[in-house]
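Some notes on the structure that comes next.
Residue numbers (this note's numbering): 1 to 433.
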């Protein structure tokens, strides 16, 4: 028989979706399949049916790239925010109300975090947001956004901090080293202010937190060795292997992200649920529930990672966070990606998390192995705003060319040069008269 979920253990729901540059049309009206996963874990929650305490929703490729680069993302994310909030409340098993804690968007990467009014939302303090780009010239076509906040009973208690990061890393099978570099760039430049109750006044990285969640289109692929029987026709073999759970599990051994995590080259300290329990989230044919596009080998590009300060440093297979659900939603067919969702049960806070001594009070933070000590990039601000400046220049020029071309930048460029040529001819003809 299922036991009731203790009230001091928070339920965190995390959802991520690459909406393929579709802007305001990138979501269906009914989001129950994606944002109400508690229906799928009803046996676990049968004695305490309740909605999540915290909901984090991330997007990648939020809107057409030229609009994102030119800074037009805010109106799209505002519309999505109100729609998502209404859907979370409408489908909450206990009809709970929620508040938006923060939203942050950079080009096409967006993150919205909500909290339950009766509980966490009342205890939230020090809400902060951050963003960074890791595209060419630190542009935001690829990059990450983050939200951090502290949960405490009052201002005098340190409590615990929660950090959520949504990212979109470099694409394509052969760009593995670029993805690894993207992650380390994000760690060094997605910075937050110093932690409360800390004597260190330096900016902090994403790891300076009690609980850390990393979601998004991380773009890691299935990398079959040339000696493997599937290598000759990988798309067909991988697509077939995904149909059965037992053969699907064998594919995880060729997942780039899992292999690199085992090497400790990326996502140091993070844990993940059993992603091989669901089919690959990319690349699907548009308007199809279960059909992969032959242009790409199917892959688990969309992922949700997590860690907490009480996780053991020496065993990455163990986490104090309980993964109740980790799945994808095949019914969404408007993108070549499928949305994913996870429901996580956090460990209870320690009874002695707050010291009575003013000098030893501190917020618990994640423990990392000795070989990994991430530091803030001293040039982080320069890199971020260099990228932001390039975003606006490229975005506005692209937007103008698209305007001149009636929706096509290529036609706009052609029309521009035709216009310049015609103007120069007209000036020359006038001067010769």
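Where a beta carbon is used, it is the ideal one built from N, C-alpha and C, also for glycine.
Given the structure is predicted, the values throughout are model-derived calculations rather than measurements.
Inter-residue Cα distance where the pair is residue i and residue j
i	j	result
residue 252	residue 74	37 Å
residue 346	residue 95	22 Å
residue 126	residue 105	19 Å
residue 90	residue 33	13 Å
residue 378	residue 195	18 Å
residue 244	residue 51	32 Å
residue 242	residue 198	48 Å
residue 19	residue 300	16 Å
residue 42	residue 201	Here residue 42 scores only 48 on pLDDT, less than 50, and its place in the model should not be relied on; the value that follows carries that caveat. So the two alpha carbons sit approximately 45 Å from each other.
residue 159	residue 288	46 Å
residue 374	residue 188	7 Å
residue 10	residue 397	46 Å
residue 2	residue 348	Its pLDDT being 47, under 50, residue 2 is placed unreliably in this model, and the value from its coordinates should be taken loosely. Cα to Cα, the separation comes out at about 18 Å.
residue 97	residue 118	7 Å
residue 170	residue 134	8 Å
residue 13	residue 206	19 Å
residue 394	residue 60	19 Å
residue 281	residue 338	5 Å
residue 124	residue 324	24 Å
residue 359	residue 255	No answer about residue 359 holds up, because its pLDDT of 49 lies below 50 and its placement is not dependable.
residue 356	residue 53	With a pLDDT of only 46 at residue 356, under 50, the local geometry of the prediction cannot be trusted, and no value is derived from it.
residue 175	residue 155	46 Å
residue 130	residue 70	19 Å
residue 16	residue 370	32 Å
residue 193	residue 376	11 Å
residue 80	residue 232	43 Å
residue 62	residue 76	8 Å
residue 246	residue 259	19 Å
residue 107	residue 58	13 Å
residue 143	residue 180	12 Å
Residue range of the unbroken beta strand (DSSP E) whose run includes residue i
i	result
residue 325	322-328
residue 307	302-308
residue 217	211-217
residue 261	From DSSP, residue 261 is part of no beta strand (DSSP E) but of the alpha helix (DSSP H) over 256-262.
residue 131	124-133
residue 455	Residue 455 is absent from the structure shown; the chain starts at 1 and stops at 433.
residue 335	No beta strand (DSSP E) contains residue 335, which DSSP labels as neither H nor E.
residue 18	11-18
residue 109	109-116
Proximity winner among the options, relative to residue i (alpha-carbon distances)
i	options	result
residue 283	85, 271, 220	220
residue 145	178, 191, 395, 295	191
residue 294	234, 264, 348	234
residue 302	317, 250, 279, 402	279
residue 304	370, 317, 311, 215	215
residue 161	368, 364, 393	364
residue 309	30, 119, 163	163
residue 317	307, 325, 326	307
residue 362	14, 274, 249, 157	157
residue 341	333, 350, 329	329
residue 218	101, 150, 66, 257	257
residue 372	313, 148, 130, 232	313
residue 274	285, 327, 236	327
residue 210	167, 152, 100, 61	152
residue 208	155, 236, 262, 150	150
residue 113	134, 65, 166	166
residue 399	15, 16, 62, 72	72
residue 122	107, 128, 101, 109	101
residue 172	115, 297, 259	297
residue 204	175, 179, 147	147
residue 68	35, 22, 124	22
residue 250	262, 261, 237, 260	237
residue 322	315, 272, 331	272
residue 35	155, 64, 83, 63	83
residue 132	109, 231, 30, 116	109
residue 168	177, 183, 232	183
residue 6	49, 315, 17	49
residue 336	292, 344, 261	292
residue 286	78, 262, 332	332
residue 380	78, 30, 107, 186	186
residue 78	111, 315, 31, 277	111
residue 270	368, 277, 181, 240	368
residue 391	56, 65, 31	65
Span of the alpha helix (DSSP H), counted from its first residue to its last, around residue i
i	result
residue 235	234-241
residue 251	245-251
residue 35	32-35
The stretch 379-389 / the stretch 131-150 touching (three or more Cβ pairs under 8 Å): yes
Three CB pairs or more closer than 8 Å across the stretch 262-274 and the stretch 223-242: no
In chain order, each beta strand (DSSP E) run of at least 3 residues that lies wholly inside the stretch 52-106: Within the stretch 52-106, the complete beta strand (DSSP E) segments of 3 residues or longer fall at 54-60, 98-106, listed in chain order.
Complete runs of the beta strand (DSSP E) confined to the stretch 152-199 [at least 3 residues]: 160-168
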